[in-house]
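All remarks here apply to the structure that follows.
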Amino acid sequence: MRGRTPVRLCVSVLAVFAAFPVLAQEQTATLQEVVVTATRGAIPLTDVLADVSIIDRVMIERSGATGVADVLARQPGLEMGRSGGVGDTTSVYLRGGNSQHTAVYLDGVRLDTQSGSGGVAWESIPLAQIERIEVLRGPAGAVYGSDAINGVIQLFTRKGEGPAAPYAAVGAGSHGLRKVEAGISGAAGTGSAFDYSVGLAHESSDGLDAQPLRLRQAADGERNPDQDGFESTSANARLGFQVNRAHRLEASLLASDLESQYDAFDYKPASPVDDLSRHQLRTLGLNWNAQWTDAFSTRLSMADSSADYETTPSVYLTKTQLRGYLLQNEWRVGPHLATATLERREDELENTAVGPSRNRSQDGVALGYGFAQASHTLQLNIRHDDDSGFGGKNTGSAAYGYAVSPKLRVTASAGTAFRAPTLYQRFSDYGVSSLQPETSRNIEAGVRYANGASSLGVVVYQNEVSNLITFVNGPGACVSPWGCYDSVARARYEGITLSGTYAVGGVNLRASADLQNPKDLDTGKELARRARRHLTVGADTQAAGWHLGAELQASGKRFDDEANTSELGGYAVVNLSASTQIARTVTLSARVDNLADKDYQLARTYATGGRTFYLGLKWALQ
């Protein structure tokens with residue numbers, strides 16, 4: 008990426024389009040599908056200017072993945088880092104940004120933690136309860152406020168519709184993996200006024216030795232040679248009631264408990280202990296939607312989420328409570344869409360390293376304008392947030408798209424975003440109360456072509472982050488003599504994302520490639536655990552009543568540390584999947600991941616699972 012701006016790169020990309028008659032974008036959804044995440048309101052996919060991917064339940068089930076992060080890592084612009092097995096600490100890097108630079112929502116409820124550097128604990132989100140995922144790449148601070156520096160990921164649970172549809176599933180796999188889930192969804196009442204969805208799931212695994220001897224030998228200190236398994240139990244309910252033609256009430260609840268084993272750094276062979284971590288995630292969302300006229304609608308939302316994390320026998324406990332209130336009005340007149348939003352967010356942290364409970368609040372007001380007619384699409388957003396800790400922050404974005412033809416569209420956008428420091432970064436022994444928010448400026452350009460089952464997308468972006476908060480070793484402006492948080496760093500995330508699909512001879516092909524350069528601008532070093540190149544190629548087809556799939560995931564080398572002295576080698580793994588209906592309501596599925604048993608690491612000294620197998624049965628009455 009050195010010496011080439013996103014604009015110059017986009018010109019080069021246009022030349023590629025002139026040479027290829029078959030072009031595609033990784034948009035598995037149909038053009039008629041509605042997207043919620045782009046503007047916080049339902050708009051057709053054809054009117055979305057942002058770089059968006061949609062993952063539905065069929066894709067999730069065929070992926071055979073155990074964790075949400077594993078599903079995301081197969082999407083363009085996304086990477087995953089993990090310290091051990093599925094239940095262990097997991098990070099998701101969107102466009103090379105830090106994990107906390109992506110805002111995450113579940114049924115409209117904000118997920119986050121105010122502990123450490125912040126960001127969602129991905130390992131605590133139960134994939135079994137997730138029906139759909141929308142990924143928005145690029146800054147969205149002017150729509151969502153704090154945290155959306157590199158994008159937004161929104162998760163949705165199942166929504167009831169039609170006749171009652173019960174389901175049940177069981178599965179088993181390598182490392183003693185066992186899964187069982189059941190649920191029911193549907194709609195009832197006059198005109199199906201009441202809709203419901205309820206689900207339960209339990210999952211456990213004997214796990215693997217997260218830090219085996221062959222990796223421990225290269226590390227300092229002793230490591231526990233046991234198997235590090237996990238056990239997860241989750242439940243969700245999503246209810247809706249259509250009061251009349253104009254008013255609808257909705258409620259969503261989710262509860263997830265995860266207990267996983269890990270290897271502590273202070274392991275003593277003479278007196279071994281079983282180190283455990285416990286995650287408890289709870290969410291509650293209440294919504295009232297009013298369609299006053301064909302042109303004017305209102306949405307009022309109240310949300311509450313709690314994320315608790317505890318370790319034993321070493322004593323560490325942190326609890327984050329988030330509350331959110333949202334009032335959004337929309338006016339639709341012909342090709343025009345205007346939005347006005349008032350939002351309040353309240354955060355509270357209890358932490359053994361912080362002392363007394365700490366809290367803060369943010370109040371935001373946002374305005375948006377969209378226009379879509381003929382060849383032109385325009386989206387403008389501005390927002391002001393007032394934080395109880397550091398004061399006001401303004402963000403804005405502008406995006407424009409021009410349809411060269413019904414099949415080909417070019418887009419360009421620019422936007423700003425910010426992330427407030429966590430309560431831990433301000434008030435722990437390592438904290439500095441005067442820390443200022445991280446800020447970013449992003450520009451990007453894209454070309455998208457779609458022609459039936461064939462499409463292609465290319466996006467070039469550059470995002471610069473200032474006041475980046477890092478941990479600085481040595482005495483500083485905090486209580487700890489070992490180091491303090493400080494907002495002195497700068498980073499640049501720049502790259503190209505190419506993604507496409509193509510159907511030939513009954514085989515559906517898909518591919519995405521990312522060429523990126525996430526860099527610390529002060530040191531010139533690459534950011535830890537992010538590869539400059541990663542690739543996914545997949546194919547699926549129907550044969551003799553079976554749905555067959557194959558996938559290649561490849562990643563270049565990465566560094567495990569900020570100094571770029573500890574290298575994690577590149578890797579390529581092949582995954583295979585197959586499913587068939589053995590009865591009208593019963594589906595058999597099988598999957599092999601890492602077919603060649605590739606030995607690689609996502610974090611230094613931590614092993615991955617090697618070749619794994621999974622076999623599942625699902626009964627569903629539809």
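In my numbering, the protein residues as written are 8 to 629.
From the three backbone atoms N, C-alpha and C, an ideal C-beta is built for every residue, glycine too.
Item to check | Spatial neighbours of V580 in its chain, beta-carbon cut-off 6 Å, leaving aside the 5 residues before and after | outcome: Q560, N601 and K605
Checklist entry - Which of helix, strand or coil does DSSP assign to W129? => result It is helical.
Item to check | Distance CB(S382)-CB(A410) smaller than 8 Å | outcome: Inclusion of S382 and A410 in the CB contact set at 8 Å is warranted, their separation being smaller than that value.
Checklist entry - Any heavy atom of the ligand NAD closer than 7 Å to the Cβ of V150? => result As presented, the structure is devoid of all ligands, the ligand NAD included, so that no description of it is given.
Item to check | Residue(s) in a DSSP beta bridge with C491 | outcome: V479
Checklist entry - Counting only runs that start and end within the segment 134–181, where is the beta strand (DSSP E) found for 3 or more residues in a row? => result 139–144, 158–163 and 172–180
Item to check | Pairwise C-alpha distance: V250 and L38 | outcome: With a pLDDT of only 40 at L38, under 50, the local geometry of the prediction cannot be trusted, and the value read off the model is given with reservation. When rounded, the distance between both Cα atoms is 30 Å.
Item to check | With 16 other Cβ atoms within 10 Å as the buried cut-off, status of T323 | outcome: The residue asked about is misnamed: residue 323 is Tyr in this sequence, not Thr. Exposed is the call here.
Next on the checklist: To the nearest angstrom, how far is the alpha carbon of L56 from that of S131?
Outcome noted: 31 Å
Item to check | Cβ-based burial, N480 [other Cβ within 10 Å; buried from 16] | outcome: The residue is exposed, with fewer than 16 neighbouring Cβ atoms inside 10 Å.
Next on the checklist: Taking 8 Å as the threshold (C-beta atoms), are V150 and A310 in contact?
Outcome noted: no
Item to check | 4 or more residues per run - each alpha helix (DSSP H) lying fully within the segment 322–379 | outcome: Listed in chain order, nothing qualifies, since the segment 322–379 has no complete alpha helix (DSSP H) run of 4 or more residues.
Item to check | Exposure of D567, with buried meaning 16 or more beta-carbon neighbours within 10 Å | outcome: buried
Next on the checklist: Buried or exposed for D95, going by 16 or more other Cβ atoms inside 10 Å?
Outcome noted: Buried: at least 16 other Cβ atoms inside 10 Å.
Item to check | Distance between K326 and A518 (C-alpha atoms, nearest Å) | outcome: 40 Å
Item to check | Anticipated Cβ contact below 8 Å, A546 with N515, distance rounded | outcome: 7 Å
Item to check | Contacts around A69, its chain only, beta-carbon distance under 8 Å, and the 5 residues preceding and following it disregarded | outcome: A small correction: the amino acid at residue 69 is Arg; Ala does not occupy that position in the sequence shown. Same-chain partners within the cutoff: D547, H554, G556, S584, S586 and S596.
Item to check | Endpoints, alpha helix (DSSP H) assigned at A585 | outcome: That residue, A585, is in no alpha helix (DSSP H); its beta strand (DSSP E) goes Y578 to A590.
Item to check | Q369 versus F434: straight-line alpha-carbon distance, rounded | outcome: 17 Å
Checklist entry - Distance, Cα to Cα, I62 vs A510? => result 19 Å
Item to check | Through-space distance from N449 to K400, alpha-carbon basis | outcome: Rounded to the nearest angstrom, the two C-alpha atoms are 16 Å apart.
Checklist entry - So does the segment 536–546 actually touch the segment 92–110, counting three or more Cβ pairs closer than 8 Å? => result yes
Item to check | Contact the segment 289–300 vs the segment 114–132: 3+ CB pairs below 8 Å | outcome: yes
Checklist entry - Taking Cβ positions, are S308 and L333 nearer each other than 8 Å? => result yes
Checklist entry - Does DSSP put T107 in a helix, in a strand, or in coil? => result Reading off the sequence, residue 107 comes out as Gln, not Thr. Looking at Q107 - three-state DSSP - the assignment turns out to be helix.
Checklist entry - Cβ of V142 within 8 Å of Cβ of V65? => result For the 8 Å CB-CB criterion, V142 and V65 do not form a contact.
Checklist entry - Do the segment 183–191 and the segment 203–214 make contact, defined as three or more Cβ pairs closer than 8 Å? => result yes
Checklist entry - In chain order, what residues of the same chain lie with their CB nearer than 6 Å to the CB of V593, ignoring the 5 residues before and after it? => result Cβ within range, chain order: W626.
Next on the checklist: Just to confirm the assignment, what range does the beta strand (DSSP E) spanning D213 have?
Outcome noted: F201 to L215
Checklist entry - Around the Cβ of W489, are there at least 16 other Cβ atoms within 10 angstroms (buried) or fewer (exposed)? => result The residue is exposed, with fewer than 16 neighbouring Cβ atoms inside 10 Å.
Checklist entry - The beta strand (DSSP E) spanning E188 covers which residue range? => result Residues L184 to A195.
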